[in-house]
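Enquirer: Have a look at the structure that comes next, please.
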Amino acid sequence: MFVIKCPYCGERDQTEFSCHGEAHIARPENPETLTDEEWGEYLFIRSNKKGIHYERWTHDHGCRRWFNVMRDTVSDEILATYKMGEEKPKS
Amino acid sequence: MNNTNSPLQSKDQIKSSNINLEYMDFIGKINLRIRDVDTDVLNKVSAYLGYELPKNSGEVSTNDESRTAWLGPNEFLIQCAEDKKDKFIEDLNRNLNECFYALTDVSDYYITIRLSGEKSIEVLEKGCPLNFKEYLKNKNTCAQSYISKGTVLIDRLSEDQVFDILIRWSFADYLWDWLSDSCSEFTN
Ligand SMILES: [Zn+2]
């Protein structure tokens with residue numbers, strides 16, 4: 365069984381969760397001043413890391429809260445989970 | 486009891502020495518959402534209900550009139566007798582006047598199925614991924630998860646195995662059949 369630790373509920377089966385892509389991408393403050401390339405960069409371009417990756421998850425069948433996960437994309441090992449707004453752990 | 490529209494009214498309840506399945510009518514259910522860690526709202530709701538609201542995942546606070554389950558760090562489910570529900574909502578709205586919160590009557594949104602008897606956990610384990618050695622171990626604990634394909638809130642009412650399973654109305658028929666089937670090996 366593959367278990368993920370929700371920062372609110374504790375260790376739960378992975379099937380209670382879903383992943384929503386890369387974390388810590390800030391929406392540009394003044395989108396109207398951006399070029400199409402810059403806006404496209406924000407919308408579509410992701411780091412696609414091999415190794416330590418930070419991503420957003422939700423505990424869909426539990427508390428339904430969003431939180432962040434630090435995961436190694438090579439081994440799939442989850443190294444840390446932390447609440448939204450918290451500092452990302454050092455890799 | 487005659488609930489005119491329960492999707493489970495035509496179902497056969499199960500009664501046996503080690504497993505029971507029944508549906509519960511007339512439970513008022515009120516969802517409360519607040520801002521994260523809004524102690525002012527928490528205090529006002531606690532003062533009205535007469536107990537501290539649950540602070541952590543899996544906790545249920547209760548007295549004779551109501552029971553309140555933790556749904557999230559800023560979300561709670563208050564359950565009471567259905568005929569008391571309107572007064573609870575009215576009073577809470579009055580007490581929380583000027584506060585930032587949302588109080589929603591979800592009484593008819595969830596159906597309560599009660600599973601009891603010493604085989605209850607064995608029945609749940611067939612379709613629920615929760616580790617029952619860690620979750621729902623004692624009276625007045627709750628956990629949100631799923632059973633087979635239905636998302637549920639499971640609320641443990643007693644040190645004996647008595648569980649109220651709250652499921653969305655539209656899934657109730659499906660979950661009842663699933664549970665009923667799951668119980669069948671223990672009933673004969
Ligand atoms: Zn959770």
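Chains D and Z are the protein sequences, given in the same order. Just so we're on the same page, our numbering is the position in the first sequence counted from 1, plus 364. Just so we're on the same page, our numbering is the position in the second sequence counted from 1, plus 485. Where a beta carbon is used, it is the ideal one built from N, C-alpha and C, also for glycine. Bear in mind that the values here come from a model prediction, so they are computed numbers and not experimental data.
#1: Would you check if the stretch 621-639 of chain Z and the stretch 529-548 of chain Z touch, i.e. whether three or more CB-CB distances between them fall below 8 Å?
#2: Mind listing the chain Z neighbours of R428 (chain D)? Cutoff is C-beta to C-beta under 7 Å, in chain order.
#3: Work out the CA separation of W555 (chain Z) and K572 (chain Z) for me, nearest whole Å.
#4: Taking 7 Å as the cut-off, is the beta-carbon of G449 (chain D) closer than that to any non-hydrogen atom of ligand 1?
#5: Among residues of its own chain, excluding the 5 on either side of Y536 (chain Z), which ones have a beta-carbon nearer than 8 Å to its beta-carbon?
#6: When DSSP labels each residue in this structure, what does N487 (chain Z) get in the three-state scheme?
#7: Using a Cβ cut-off of 8 Å (strictly closer), state whether E380 (chain D) contacts chain Z.
#8: Is Q564 (chain Z) close to chain D, meaning its C-beta is less than 8 Å from at least one C-beta of that chain?
#9: Taking any Cβ of chain D, which residues in the stretch 490-504 of chain Z have a Cβ under 8 Å from it, in chain order?
#10: By the criterion of Cβ-Cβ separation under 9 Å, what are the contact partners of S542 (chain Z) in chain D?
#11: Strictly closer than 5 Å from CB to any heavy atom of ligand 1: give me those residues in the order they appear in the chain.
#12: Does DSSP classify Y533 (chain Z) as helix, strand or coil?
#13: So, are the CB atoms of V526 (chain Z) and Y586 (chain Z) less than 8 Å apart?
#14: Less than 8 Å between the beta carbons of P614 (chain Z) and D377 (chain D), yes or no?
#15: Going by C-alpha distance, which of D:Y418, D:R429, D:K447 and D:H425 is nearest K454 (chain D)?
#16: Is the Cβ of T626 (chain Z) closer than 8 Å to any Cβ of chain D?
#17: Anyone know if the C-beta pair for L600 (chain Z) and L664 (chain Z) falls short of 8 Å?
#18: Mind checking the stretch 627-645 of chain Z against chain D and listing, in chain order, the residues whose C-beta falls within less than 9 Å of any C-beta there?
#19: Whole angstroms is fine: what's the gap from F408 (chain D)'s alpha carbon to D658 (chain Z)'s?
#20: Could you check whether the stretch 574-585 of chain Z touches the stretch 527-534 of chain Z, counting it as contact only if at least three pairs of C-beta atoms, one from each stretch, sit closer than 8 Å?
#21: Buried or exposed: which applies to S551 (chain Z), given that a residue is buried once 16 or more other Cβ atoms fall within 10 Å of its Cβ?
#22: So, G602 (chain Z) versus I632 (chain Z), is the Cβ gap smaller than 8 Å?
#23: Inspect the beta-carbon positions of T597 (chain Z) and D649 (chain Z) and report whether they are closer than 8 Å.
#24: Going by DSSP in three states, R376 (chain D) sits in which element: helix, strand or coil?
#25: List, from N- to C-terminal side, the alpha helix (DSSP H) runs of 4 residues or more that fit wholly inside the stretch 550-602 of chain Z.
#26: How would you call I389 (chain D), buried or exposed, if buried means at least 16 neighbouring beta carbons within 10 angstroms?
#27: CA-CA distance, I368 (chain D) and M434 (chain D)?
#28: Indicate the three-state DSSP secondary structure (helix, strand or coil) for G385 (chain D) in the structure shown.
Expert: In brief:
#1: yes
#2: G557
#3: 22 Å
#4: no
#5: S546, T547, N548 and T553
#6: Note on N487 (chain Z): pLDDT 49, under 50, position unreliable in the model; the coordinate value appears next. It is coil, neither helix nor strand.
#7: yes
#8: no
#9: none
#10: C370, Y372, C373, G374, G426 and C427
#11: D:C370, D:Y372, D:C373, D:H423, D:G426 and D:C427
#12: helix
#13: yes
#14: yes
#15: D:Y418
#16: no
#17: yes
#18: A628, Q629, S630, Y631, T636 and V637
#19: 42 Å
#20: yes
#21: buried
#22: no
#23: yes
#24: strand
#25: 567-580
#26: exposed
#27: 11 Å
#28: strand
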